[in-house]
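Per the numbering used here, the sequence shown starts with residue 259, numbered consecutively.
Below: the structure, in structure tokens.
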Amino acid sequence: MARAITVAVVDDDRMLLDGLRVRLDGVPEALLAATARTVDGLPGPAVADGPDAGPVPYDVVLLDPVLGDGPRPPDDIRRLRAAGARVLVIGTVADRRRIVAAITAGADGHLTEDHDLRLW
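Here you go:
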């Protein structure tokens, strides 16, 4: 059996976090390993600066581009990518400027939050 994909979600919308938690529960191909309201709040060395920085324990991070700590998606994406995670931006609006900035910063893709959760 193949190893499950480890997923972290960074979003300050509790309903979205709860919905993803419920949807991913029992999906053997994916393990929801962490949720956080900001990238800095994400458990693991990806949030560390300096000598403690290292690879993240997540294969994929689902990232809201507009968080309560201010809109810093390019910086957040670069930090997560540098730590070894793939990044999928999940936003409420398909704003072309934000999508292009996210992809330019290294995001692997962009989805709007109105997509169906049936990914598997």
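Beta carbons: idealized from backbone N, C-alpha and C, even for Gly.
- A contact between stretches requires three or more CB pairs, one per stretch, nearer than 8 angstroms, and the region 285-299 meets this requirement with the region 315-333.
- Rounded to whole angstroms, the gap between the alpha carbons of D298 and E371 is 22 angstroms.
- Counting along the chain, the unbroken alpha helix (DSSP H) around A363 starts and ends at 354-363.
- Between V351 and A360, the beta carbon gap of about 12 angstroms keeps them out of contact (Cβ cut-off 8 angstroms).
- Per DSSP, V280 is one residue of the alpha helix (DSSP H) stretching across 272-282.
- Annotated as proximal: G349 and R356, with beta-carbon spacing under 8 angstroms.
- According to the DSSP assignment, A266 belongs to the beta strand (DSSP E) that extends over 263-268.
- Within 10 angstroms of the beta-carbon of D333 lie fewer than 16 other beta-carbons, which makes it exposed.
- Straight-line spacing of the CA atoms in A266 and D327 works out to 18 angstroms.
- The three-state secondary structure of R336, taken from DSSP, is helix.
- Residue environment analysis places L278 among the buried positions, since at least 16 neighbouring C-beta atoms fall within 10 angstroms of its C-beta.
- The beta carbon of D366 is closer than 7 angstroms to those of R344, V345, L346 in its chain, skipping five residues each way along the sequence.
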